[in-house]
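Protein chains in written order, with the working numbering: chain Z, 711 to 1022; chain G, -12 to 220.
All residues carry an ideal CB built from backbone N, CA and C; glycine is no exception.
Please read these numbers as outputs of a predicted model, since none were measured by experiment.
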Amino acid sequence: MHATLLQVQGLHKTYRVGKSCVPALQGVSFQARAGEIVALLGSNGAGKTTCVKCILGLVLPDSGQITVCGYDPIRQPRLALPYIGAVLEGSRNIYWQLSAWENLLFFAGIAGIPPAQARQRAGELLERLGLAHRAHELVGGFSRGMQQKVALAVALIHEPRVLLLDEPTLGLDLEAARDLRHALRDLADAGRAILLCTHQMELVEQLADRVLILHRGALAREGSPHELRAALGQRAFVITAAQPLAETLQHAICAQLPEATLNGRVITLHTHDTLRLYTLMHLLEAERVAIELVQTVMPSIEEVFLEVVRQP
Amino acid sequence: MRHYWLNTLSALAFALMLFLMLYFGVRAFGAPQADFGALVIGYYAFMLTNVGFQRVASFLLTESQTGTLEQLALSPFGLAMTTLAHLVSYLLSVALFGAVGLLATMAITGMWLPFNLPAFGVMTLLLVGQAYAFGLAMGGLALRFKRIGDLMQVVSMVLVVFLLTPAEGVGNLAPLGPTWRLLQQWVQAGALPHATALGIEVARTVGLLLVGVLVYRWCERRVRQLGLLGRYA
């Protein structure tokens, strides 16, 4: 069992907006272990950014407990913050009027890293992220993808154990997003815990070991992508016949199985009821149609997410 | 400085021009060399004091506008210490530019001023420390309210009033004024301040700094409670 690096327990936060109170977090609890990428999903205003900022101590929660590698970032920032790195959404995270090299040395300095170690670490990170050839150019002239890589390097300069990323692939092209995905996977495999806030379901499907879905400030779903999909239930059967279907057979299928859709030799049965599958099998067997392949279709993470957020 | 070398050169040129203007201004009035020396020291101290007051709030506001304030707040040393480190480095750069400008002026004019650096350093440090106390409080308010430019101007005026407050009765309790007069006495009489007088100014500076720190920390905590740290100005 991998060590728990991040633990959040009973987190509550309410904002005052004028005379009204807006609950941003309502008793959120979760943890992230070493080697794990945890995706935090939620609609706009669900509380993702508030949750991340509470972990970083940038927002003070009303109640709850947070520990990072055993330390409380609210009450023990000097002990906890060296273990956390963050790339925040919306903010630039880095100085555009400095070079990538200077950004890394600056943030290493305010993290308390000795200069010699900072220089070595900066060189390694720039090399690893493919930025070494432009290390001394001003970041303001970089593409969005390169700027995000510099921001990631800054978040890693003090070798944190926990990485918090708020929409890291926002605005990135396909290649840059792919590079970042690979980098995140490598970082997790090296023993870090990564909490990833994102709206991009593809990223979640490709990267996340566990998914947390926030809805109106509360944790509505938690589990691996497979567990969440399985919990929602199977969506459909896809049967591929070995030969084209006769017209009479097609009519019979449509009449007895209105939930079926036909596309050449492929029949999609939009149900999880196996009795309906047996009905289709009987129809095919009666016409001596061989079956080439039977597949089950599980819901996507996007469908799981939409199921949650559409609840009243 | 390296990336924006034109701005750096301009800052050096400005410092040189400023001291040359002071020099020729004093000569135009037919005043003795000592007056130029007093003017230079007084101006230098006032400039650094003003930086000590203005820089904290302007730094926090700039960081807030560029979006890097939250990253600075993730330093294990805390936002206040990061701000102090910035202020120290900025003061050193201002002092350095001023020193280069002054040296260049003295070289150009041939008028070399005697300069007791340790005494000047101690008294300027006390002035800057007291101004920094106000700057810290303003910095806290800047975090909370984001736009406080006009308030800064009001407080600047108040600080000038403190500087000019006569040394009578309650005037001795005012910040900045007594320390400023100590500096003037040193410049005019050439004698270093008495240890007791210096001790009182040190206590005044420490007391004001404590108040400034308390105000700043209260403001920063309030800003984190409200979730406003990352809000752009």
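- Closest by C-alpha distance to Z:Trp806, out of Z:Glu799, Z:Leu770 and Z:Gln858, is Z:Gln858.
- For G:Thr49, not one C-beta of chain Z is nearer than 8 angstroms to its own C-beta.
- A Cβ of chain Z is located within less than 8 angstroms of the beta carbon of G:Arg211.
- Across the structure, G:Val141 and Z:Arg1020 are spaced so that their CA atoms are roughly 53 angstroms apart.
- For the stretch 767 to 788 of chain Z, residues whose beta-carbon sits nearer than 8 angstroms to a beta-carbon of chain G comprise Gly767, Leu768, Val769, Leu770, Pro787 and Arg788.
- Taking 8 angstroms as the cut-off, the Cβ atoms of G:Gly199 and G:Leu123 count as close.
- DSSP, reduced to helix, strand and coil, places G:Phe33 within a helical segment of the structure shown.
- When DSSP states are grouped into helix, strand and coil, Z:Pro733 belongs to the strand group.
- With distances taken between CA atoms, Z:Val1014 lies nearest to Z:Gly933 out of Z:Gly933, Z:Ala956, Z:Ala970 and Z:Ile963.
- Nearest neighbour of Z:Ala865 by Cα position, chosen from Z:Gln916, Z:His909, Z:Leu884 and Z:Ala810, turns out to be Z:Ala810.
- Neighbours of G:Glu57 in chain Z, taken as residues at a C-beta separation under 9 angstroms, are given in chain order as Lys763, Leu766, Leu768, Ala796, Leu798, Ser801 and Asn803.
- CA-CA distance, Z:Leu922 to Z:Ala734, rounds to 16 angstroms.
- Remark: C-beta atoms of G:Met139 and G:Gln52 do not approach each other more closely than 8 angstroms.
- Note on geometry: alpha-carbon atoms of Z:Ala951 and Z:Leu959 lie some 12 angstroms from one another.
- The stretch 890 to 951 of chain Z contains, as complete alpha helix (DSSP H) runs of 4+ residues, the segments 911 to 917 and 935 to 942 (chain order).
- Per DSSP, G:Thr192 is not a residue of any beta strand (DSSP E); the alpha helix (DSSP H) it occupies stretches across Ala182 to Leu213.
- Secondary-structure assignment with DSSP links Z:Arg726 through a beta bridge to Z:Cys731.
- In this structure, Z:Ile904 lies near Z:Val748, with their beta-carbon atoms less than 8 angstroms apart.
- About 5 angstroms separates the beta carbon of Z:Gln944 from that of Z:Thr1006, a gap short enough to meet the 8 angstroms contact definition.
- The C-beta of Z:Gln807 comes closer than 8 angstroms to at least one C-beta of chain G.
- Fully enclosed alpha helix (DSSP H) runs of no fewer than 4 residues occupy 136 to 151 of the stretch 120 to 174 of chain G, in order along the chain.
- By the neighbour-count definition (other C-beta atoms within 10 Å, threshold 16), G:Ser(-3) is an exposed residue.
- Shortest Cα-Cα distance from Z:Arg920 to any of Z:Ala928, Z:Ala898, Z:Gly927 and Z:Arg926 involves Z:Ala898.
- With three or more CB-CB distances shorter than 8 angstroms, the stretch 112 to 122 of chain G counts as touching the stretch 195 to 212 of chain G.
- Contact annotation: G:Cys206 and G:Leu130 have beta-carbon atoms nearer than 8 angstroms.
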